[in-house]
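Enquirer:
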Amino acid sequence: MAMEMVFRWFGEGNDSVPLKYIQQIPGVKGIVWALHDISAGETWTLDRIHEVKNIADQHKFNIDVVESVNIHEDIKLGLPTRKKYIEAYKKTIENLSKVGVKVICYNFMPIFDWVRTDLFKESEDGSTALFYEKSKVENLKPEDLANQILENKEFTLPGWEPERLKQLAGLFEAYKNVSEEKLWENLQFFLEEIIPVAEKNDIKMAIHPDDPPWPIYGLPRIITNKKNLQRLLKIVDNPYNGLTLCSGSLGANPSNNIPEMIRDFGDRIYFAHIRNLKRFDNGDFIETSHKNSDGSLDIVEIVKAYHDIGFTGYARPDHGRHIWDEECRPGYGLNDRALGIMYLWGIWDSLTKVKEGASYVGN
Ligand code: DNO
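Each residue of the sequence shown is one higher than the last, beginning at 1 in our numbering.
1) If you draw a straight line from the alpha carbon of L212 to that of A56, how long is it in whole angstroms?
2) Roughly how many whole angstroms lie between the Cα atoms of L229 and I223?
3) Indicate the three-state DSSP secondary structure (helix, strand or coil) for T43 in the structure shown.
4) Can you tell me the Cα-Cα spacing of L96 and H273, whole angstroms?
5) Can you tell me whether V354 is helix, strand or coil according to DSSP?
6) What do you reckon, is the C-beta of E173 under 7 Å from a heavy atom of ligand 1?
7) Beta carbon of S293: closer than 7 Å to some heavy atom of ligand 1?
8) Counting C-beta neighbours from all protein chains within 10 Å, is the total for Y21 16 or more, i.e. buried, or is it exposed?
9) For W33, list the residues DSSP reports as bridge partners.
10) With distance defined between alpha-carbon atoms, name the residue in F285, D64, G320 nearest to V137.
11) Let me know the beta strand (DSSP E) ranges lying completely inside the stretch 74-152, each 3 residues or longer, listed in chain order.
12) State whether the stretch 345-361 contacts the stretch 291-308, with contact taken as three or more CB pairs (one from each stretch) at a distance under 8 Å.
13) Alpha carbons only, please: which of G78, G248, L250, E73 is nearest the one belonging to L168?
14) Over the uninterrupted beta strand (DSSP E) stretch that includes K278, give me the two end residues.
15) I'd like to check one pair, L339 with S289: are the Cβ atoms closer than 8 Å?
16) Taking only runs of the alpha helix (DSSP H) that begin and end inside the stretch 265-330, which ones reach a length of at least 4 residues, in chain order?
17) Does P18 pass the burial test, meaning 16 or more other C-beta atoms within 10 Å, or should it be called exposed?
18) Would you give the residue range spanned by the beta strand (DSSP E) that F7 belongs to?
19) At the level of alpha carbons, what is the spacing between T244 and D125?
20) So A252 is in the beta strand (DSSP E); what residue range does that whole segment cover?
21) Roughly how far, in whole angstroms, is the beta-carbon of I302 from the beta-carbon of I269, given that I think they are within contact range, below 8 Å?
22) Assign V52 to one of three DSSP states: helix, strand, or coil.
23) I need the DSSP call for L157, collapsed to helix, strand or coil.
24) Taking only runs of the beta strand (DSSP E) that begin and end inside the stretch 181-268, which ones reach a length of at least 3 residues, in chain order?
25) Measure the alpha-carbon distance for S366 versus Y240 and round it to whole angstroms.
26) Using C-beta distances below 6 Å, list every residue in its chain close to N70, excluding the 5 sequence neighbours before and after it, in chain order.
27) Roughly how many angstroms separate the alpha carbons of K234 and A146, rounded to a whole number?
28) For R316 versus R116, is the C-beta distance shorter than 8 Å?
29) For chain C, find out if any of its Cβ atoms is closer than 8 Å to the Cβ of P254; answer yes or no.
30) For W324, count neighbouring C-beta atoms within 10 Å of its own C-beta (all shown protein chains included) and say buried if the count is 16 or more, exposed if not.
31) Does the separation of the CB atoms of V103 and Y314 fall below 8 Å?
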């Protein structure tokens with residue numbers, strides 16, 4: 001038994017990577033997908049879901065994992081209008097279950113999803129990668145940061161939908177009344193409504209950690225560390241309320257011990273995002289190749305933790321650098337993610353051999 005390797009794909013015309021290339025990466029069973037043109041709060045219709053299923057079928061990919069069904073800000077804000085958006089979310093869950101979707105990855109970050117200051121930061125070897133410069137975030141106004149990210153217009157950037165960013169000032173005003181505790185309450189309200197529907201439809205909800213895992217621009221962020229992940233699992237203590245464990249997001253904070261979290265939360269992790277990053281002392285970080293010696297995270301230990309717990313959930317290599325002059329959406333090219341997958345399989349298969357009794361020591 002092994003982890004089920006999947007690969008994020010943004011859809012026909014919205015991704016530089018053809019599905020037939022993904023098919024040629026060893027061991028990839030499915031695509032991780034979403035209907036990126038549907039706004040948060042709207043129901044995903046069966047027709048639109050079937051379009052993706054048909055394309056995936058042609059390439060023999062499963063569509064078991066959706067990333068993400070985004071959550072309308074009114075739900076995170078706890079406004080009375082959340083009711084109708086929660087109803088739409090439930091309907092989306094029902095529709096997704098009709099094509100056999102097994103996991104929905106989502107996040108509960110106010111306004112901004114992932115944050116970086118440079119999408120193509122050059123490294124010494126000439127590759128580029130996503131970069132977070134702490135002082136720049138502290139000194140840039142949120143709207144300037146948003147505009148800077150949106151300058152990359154070629155593809156839609158998940159989490160940075162222009163419609164939402166146009167309402168930035170109003171949203172910041174609304175979040176003034178939302179403390180961390182209030183955000184927890186709003187998350188709990190959402191989960192209490194959603195999880196029974198997820199259970200009925202046999203779909204695991206897998207929350208994605210905040211990236212980076214600390215508050216930015218005074219907005220609360222709560223899915224940030226072990227204690228808070230524990231709290232999340234407890235507020236609705238049902239196996240359908242689970243985790244996407246993203247090593248790169250949580251790993252930006254040096255006090256997060258990822259292998260320990262994997263061992264502790266094991267059976268509530270439904271989706272593993274595995275990538276490396278290099279942290280600098282001043283709080284900056286850059287995304288690196290998966291290789292241990294390139295970054296600050298011990299990817300071998302992370303994979304070992306999954307192997308030890310007998311993880312059979314879904315895993316993806318997460319982001320990659322941009323290498324070999326590939327033109328692609330930030331973090332989501334073919335080349336480095338494919339290299340990452342082979343690194344992960346190399347570790348996984350070696351561990352399996354050792355478990356089966358092979359000994360490479362002293363021979
Ligand atoms: C970035 C991703 C996130 C993630 C969402 C899930 O590349 O890891 O945008 O998909 O936070 O809701």
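Cβ coordinates follow ideal geometry from the N, Cα and C atoms, glycine included.
Expert: Reading off the structure:
1) If you number the sequence shown from 1, residue 212 lands on position 212. If you number the sequence shown from 1, residue 56 lands on position 56. First, the residue type needs correcting, since residue 212 is Pro and not Leu in the sequence shown. Taking the straight line joining both Cα atoms gives about 32 Å.
2) Position 229 of the sequence shown, counting from 1, holds the residue named residue 229. Position 223 of the sequence shown, counting from 1, holds the residue named residue 223. Approximately 6 Å, taken between the alpha carbons.
3) Translated into positions along the sequence shown, residue 43 becomes position 43. Three-state DSSP puts T43 in coil, outside helix and strand.
4) Locating residue 96 in the sequence shown gives position 96, counting from the first residue. Locating residue 273 in the sequence shown gives position 273, counting from the first residue. Taking the straight line joining both Cα atoms gives about 22 Å.
5) Looking up residue 354 in the sequence shown gives position 354. Helix.
6) Numbered from 1 along the sequence shown, position 173 holds the residue referred to as residue 173. False, no ligand heavy atom lies under 7 Å from that Cβ.
7) Counting from 1 along the sequence shown, the entry for residue 293 is found at position 293. No, Cβ of S293 sits at least 7 Å from all heavy atoms of ligand 1.
8) Position 21 of the sequence shown, counted from the start, is the residue given in the question as residue 21. Y21 comes out exposed.
9) Position 33 of the sequence shown holds residue 33. DSSP lists V66 as partners of W33.
10) Translated into positions along the sequence shown, residue 137 becomes position 137. Closest option to V137, Cα to Cα, is F285.
11) 103-106, 118-122, 128-132
12) yes
13) In the sequence shown, counting from the first residue as 1, residue 168 sits at position 168. When each option's Cα is compared against that of L168, the closest is E73.
14) For this step, residue 278 is matched to residue 278 along the sequence shown. Segment 277-279, the beta strand (DSSP E) holding K278.
15) The residue given as residue 289 occupies position 289 in the sequence shown. The residue given as residue 339 occupies position 339 in the sequence shown. Taking 8 Å as the Cβ cut-off, S289 and L339 qualify as a contacting pair.
16) 299-308
17) The residue given as residue 18 occupies position 18 in the sequence shown. Label assigned to P18: exposed.
18) The residue labelled residue 7 in the question sits at position 7 within the sequence shown. 4-8 is the span of the beta strand (DSSP E), which, as asked, contains F7.
19) Reading the sequence shown from its first residue, position 244 is the one you call residue 244. Reading the sequence shown from its first residue, position 125 is the one you call residue 125. Rounded to the nearest angstrom, the two C-alpha atoms are 31 Å apart.
20) Here residue 252 is taken as the residue at index 252 of the sequence shown, counted from 1. Looking at the DSSP string, A252 is not in any beta strand (DSSP E), and its letter there is neither H nor E.
21) Residue 302 sits at position 302 when you count from the first residue of the sequence shown. Residue 269 sits at position 269 when you count from the first residue of the sequence shown. Their Cβ separation, rounded to whole angstroms, is 12 Å, which puts I302 and I269 out of contact at 8 Å.
22) Residue numbering aside, residue 52 sits at position 52 when the sequence shown is read from its first letter. If DSSP states are grouped into helix, strand and coil, V52 belongs with the helices.
23) Position 157 of the sequence shown holds residue 157. If DSSP states are grouped into helix, strand and coil, L157 belongs with coil.
24) 204-207, 241-246
25) In the structure as shown, the chain begins at 1 and stops at 363. Residue 366 is therefore absent and cannot be evaluated.
26) As a first step, residue 70 must be located in the sequence shown, where it is residue number 70. Excluding sequence neighbours, N70 sits near A40.
27) Here residue 234 is taken as the residue at index 234 of the sequence shown, counted from 1. Here residue 146 is taken as the residue at index 146 of the sequence shown, counted from 1. Those two C-alpha atoms are separated by around 34 Å.
28) As a working note, residue 316 is residue 316 in the sequence shown. As a working note, residue 116 is residue 116 in the sequence shown. Result no, Cβ atoms of R316 and R116 do not sit closer than 8 Å.
29) Considering every chain present, this structure includes no chain C. It has just one protein chain.
30) By one-based count along the sequence shown, residue 324 stands at place 324. By the 10 Å Cβ count, W324 comes out exposed.
31) The residue labelled residue 103 in the question sits at position 103 within the sequence shown. The residue labelled residue 314 in the question sits at position 314 within the sequence shown. Yes, Cβ-Cβ distance for V103 and Y314 is below 8 Å.
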